[in-house]
Each structure stands twice: as structure tokens, then as C-alpha cells.
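Working notes for the structure below.
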Amino acid sequence: MTAIGIHDIAIATGHHVLELDDLAERLGVDPAKYHVGIGQDAFSVPAPDEDIVTMGAAAAKEVIDRHGVDGIRTVLFATESGVDQSKAAGVFVHGLLGLPQSVRVVELKQACYGGTAAVQLALGIIARSPQERVLVIAADVARYDVDTAAEPTQGAGAAALLISADPDLIEIEPAAGVFTADVDDFWRPNDRSTALVDGRLSVTAYVDAFVGAWDDLVAQGGPGYEDIARWVHHQPFTKMAIKAHRKLAQHVGQPFDESELAVGFTYNKQTGNTYTASIWIALAALLDLDDELDGQRLAMFSYGSGSVGELLTGIVRAGYRTHRREGRVRAVLDARVPLTVDAYRELHAAGAATSEDTDRPRVTTAPYRFAGVRGGARRYEPTAQD
Ligand code: CAA
Numbered sequence: 009m010t011a012i013g014i015h016d017i018a019i020a021t022g023h024h025v026l027e028l029d030d031l032a033e034r035l036g037v038d039p040a041k042y043h044v045g046i047g048q049d050a051f052s053v054p055a056p057d058e059d060i061v062t063m064g065a066a067a068a069k070e071v072i073d074r075h076g077v078d079g080i081r082t083v084l085f086a087t088e089s090g091v092d093q094s095k096a097a098g099v100f101v102h103g104l105l106g107l108p109q110s111v112r113v114v115e116l117k118q119a120c121y122g123g124t125a126a127v128q129l130a131l132g133i134i135a136r137s138p139q140e141r142v143l144v145i146a147a148d149v150a151r152y153d154v155d156t157a158a159e160p161t162q163g164a165g166a167a168a169l170l171i172s173a174d175p176d177l178i179e180i181e182p183a184a185g186v187f188t189a190d191v192d193d194f195w196r197p198n199d200r201s202t203a204l205v206d207g208r209l210s211v212t213a214y215v216d217a218f219v220g221a222w223d224d225l226v227a228q229g230g231p232g233y234e235d236i237a238r239w240v241h242h243q244p245f246t247k248m249a250i251k252a253h254r255k256l257a258q259h260v261g262q263p264f265d266e267s268e269l270a271v272g273f274t275y276n277k278q279t280g281n282t283y284t285a286s287i288w289i290a291l292a293a294l295l296d297l298d299d300e301l302d303g304q305r306l307a308m309f310s311y312g313s314g315s316v317g318e319l320l321t322g323i324v325r326a327g328y329r330t331h332r333r334e335g336r337v338r339a340v341l342d343a344r345v346p347l348t349v350d351a352y353r354e355l356h357a358a359g360a361a362t363s364e365d366t367d368r369p370r371v372t373t374a375p376y377r378f379a380g381v382r383g384g385a386r387r388y389e390p391t392a393q394d
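At position 340 of the sequence shown (counting the first as 1) the number is 348 in our numbering, and the numbers step up by one without a gap.
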């Protein structure tokens, strides 16, 4: 059977960064609570002329620049933080990138899980038409109310994946473990721009979904625990992955050394929670920074509150190291402009979606910007002026 899987990954994030040391100082919290207790160092904050479309388009542009558009007939955009109740964010990206008209575009939603659903749909499309390639974009701005326990676990970022036959990076294996439970751990009603979350419940719901997805993977004939070389997790905050993995290891009766997960935390500790993009940013870090993955099996756990979990496995392709992007990712993270806590909170207060006519100031240096709203419709444009 032809191998199908992830051919390329690119990531993008917001223009600004808030260091959690600064938030800790403002809130009178021991910084170790953030660095050690929740396992985060900073979070990205979008500029006023950035959103999921501009970040998603920036990541997708990198993929298209490397591979062109041949064979791309489907664009799947996954997000929790959609900019319109009707129009798919991917249609804006399609326009910005000048993709051909013979393309279907749709948006997917199930909290942080949607990107994995998009990858599954893409695998199915390519199984039927191996000559096609599918562009999957996962982008989110994680927004909680200020002065809540969840405030330090915000973030912003995007991942673009090219799914194809004979992939350069990872062959996804056919068996997957899935788990759904109706639970109110995190949700965002239509009239809110910040999520409502029961943080404690979200931790137990995540763990239940992880263990449940594992049991289902085993029932589907998936690999044994000892056959998995590395684990990649959705990371709302990196400590969450450690907590969940500890439970799974107990469940299967295996030892667990939490330092095994550290490499996959490298980028997410800096971006904060990126919801749908989080697992793919974690995967990008592992592929960029772990030298020992040729032919190894990875397990990838995706979780979306509400809740849906899915556990995928894949085999890393020999030669993955020749496609590394660490320098590019470091440059993107290092280029972020630091914010004071006051400036971040001002941006946060102005961050709610609006259909009022507005012009956005020119701030971002990313390839595309959100110019504002005209006649109720969002307008996007390339950032570089002719
Ligand atoms: N030094 C070291 N560690 C310290 C410390 C210090 N000085 N002070 C506290 N800590 C530790 C605590 O012991 C605790 O560790 P354990 O969990 O291992 O016991 C940890 O820091 C956190 O402390 P608290 O539990 O007191 O923290 P909190 O109540 O302020 O909030 C939180 C923590 C509940 C995770 C909160 O940040 C939150 O609600 N976050 C958002 C919820 C979330 O992200 N859920 C995950 C799934 S949802 C998701 O990803 C969304 C989706 O599907 C779209």
C-alpha cells in the first residue's frame, strides 16, 4: 500500500510575546508556578492586524513556496477561533495565496481537535486519489479572561501541513484510537470572544480522553506501548502532557521518565496554547530537534475539549533531517516584539471580533495582514506595500 502522511510542516505565530516572568511579577505570583508548575515560559500575542487568517496564511505560504500548488485540490482550515460564523477562514487564505479556483475549501471545528480531524479527512482523500495533495491549516488565538487562572495559558499560532502520498516526513499508520465524551470542561458560546473553562475538569477530561483513545487504539490492532519510540501531545500547557502521560504509563504498567517529552515542548513553551496547532507545533519541534527518529514510530495525541481525543501513530521517514526548519522557527520566535503587561492587556481588551467598519494599524511584519472591516466584511492584504 502506498505510504500516505505528512510531507511538510510550517509554523507561524503572533507578532508579539509576553514573558510569563512579567505576568508573574504583576500578579504577585512565584514565576516557578508558571515555569515549573504549568511548564510555560511565554505566550505569543497577535498584533492588531493579525488573526488566525494572517497566521494561517503565513504558515501555508511557506509550504506553497517550497512545494507549489500542483495537486492541491483541497484546503482544510481547522480553528476554535473562527473569524466568521459562515465563511471559512481558508477561503481568505485561498485568495491571499492565489490558489487555483479548482479547489474545495472548508473549516472544521471541535476545540483543539479540529486539525487532527482535518488530517484524517486529508488521508482519506489521498487514499482515493493518490496524485492529490491536501493543504491542512490549523490556526488559533487562545483567549481567556484576564485575572483568571487560565490567563497564563493563552497563546497564538498556526501550523500548515501538506498531506500527500510518499511523504517526506511521516507515514501515518491506518489504525487510530478515538474517544468522545460530552463534558463541559472548555467551551466558547457564540457571544463570547474568550473561552469559558473549568481548568480542573479540563485536566481530568484530557486524561480520560488520552487513556480512552489508547484503549481504543489497542482494540483497533494498533502497536504496543513498547513499540512507540516518541510521544507527541496536544499541549494546552506542557505540564498537562506530563500529567496525562504519567496516567497512561500507570494504566499500561510501564515506567515513565518525564524528560522523554522535553524536546517536543521546546516551541510550545514559547508560543503558549495554540489550540488546533499545538500538536503540530510539538511535532515540528520533535522533528527539528531529535536526531534519532529515522524509521521510528511516533504516537500523536490530539485533544479537543468538549471533548474528543484521537491517538494517531506514524513512522518517521528516513531522511527527515534534511527537511529541518529549526533556524526558521527560531527566527520567527526570536523576532517577536515583547509587550509590557499593560500593553498586552490593552491589546487583549481590543481583541474581540467586530463587524463595525474599522481600519487596523500597520504593525505586523508577517507576509499578510488584517487591514480592517469594510461593509461588515473582513479585508486582508499582503503586508509589503508596492
Ligand atoms: N513552584 C512550582 N510549582 C508551583 C508553584 C511554585 N511556586 N506554585 C504552584 N505550583 C504548581 C501547583 O502545585 C500545580 O501543580 P500540579 O498541577 O502538578 O499540582 C501547578 O503549579 C498549577 O497550580 P494551580 O493548580 O494552583 O494553578 P491554577 O489553579 O492557578 O491554574 C490551570 C492551573 C487550571 C491549568 C489553569 O491555568 C487553567 O485553567 N488553564 C486553562 C485550562 C486548560 O488549558 N485546560 C487544558 C485542556 S483545554 C484546551 O486545550 C482547550 C481546547 O481543547 C481548545
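We treat Cβ as the ideally placed atom computed from N, Cα and C, and that holds for glycine.
Please state the DSSP three-state secondary structure of residue i.
i	result
residue 1	Nothing about residue 1 can be reported from this structure: the residues present for the chain run from 9 to 394 only.
residue 131	helix
residue 136	helix
residue 152	coil
residue 34	helix
residue 367	strand
residue 188	strand
residue 375	coil
residue 354	helix
residue 16	strand
residue 236	coil
residue 332	coil
residue 242	coil
residue 391	coil
residue 27	strand
residue 67	helix
residue 209	helix
residue 142	strand
residue 160	helix
residue 165	strand
residue 380	strand
residue 111	coil
residue 326	coil
residue 54	coil
residue 231	coil
residue 337	helix
residue 6	Past the edges of the chain, shown from 9 to 394, lies residue 6, and the structure says nothing about it.
residue 126	helix
Look at residue i and residue j and say whether their C-beta atoms are less than 8 angstroms apart.
i	j	result
residue 160	residue 275	no
residue 269	residue 222	no
residue 356	residue 154	yes
residue 53	residue 28	no
residue 391	residue 362	no
residue 386	residue 57	no
residue 210	residue 360	no
residue 243	residue 213	no
residue 16	residue 74	yes
residue 288	residue 105	no
residue 115	residue 132	no
residue 473	residue 237	The question about residue 473 has no answer here: the residues shown for the chain are numbered 9 through 394.
residue 118	residue 383	no
residue 46	residue 251	no
residue 352	residue 65	no
residue 178	residue 14	yes
residue 278	residue 30	no
residue 149	residue 97	no
residue 4	residue 82	Past the boundaries of the shown model lies residue 4; the chain is included only from 9 to 394, so the question cannot be answered.
residue 68	residue 22	no
residue 174	residue 330	no
residue 344	residue 296	no
residue 254	residue 245	no
residue 157	residue 123	no
residue 70	residue 120	no
residue 301	residue 271	no
residue 183	residue 195	no
Three or more C-beta pairs below 8 angstroms linking the region 162 to 170 and the region 301 to 316 = no
Which runs of the beta strand (DSSP E) fall wholly inside the region 244 to 316 and span at least 3 residues, in chain order?
-> 305 to 312
Report yes or no: do three or more beta-carbon pairs, one from the region 275 to 287 and one from the region 130 to 140, lie closer than 8 angstroms?
-> no
Sequence ranges, alpha helix (DSSP H) only - wholly within the region 83 to 109, length at least 4 | 97 to 105
Tell me, please, whether the region 313 to 326 touches the region 180 to 194 by the rule of three or more beta-carbon pairs shorter than 8 angstroms.
-> yes
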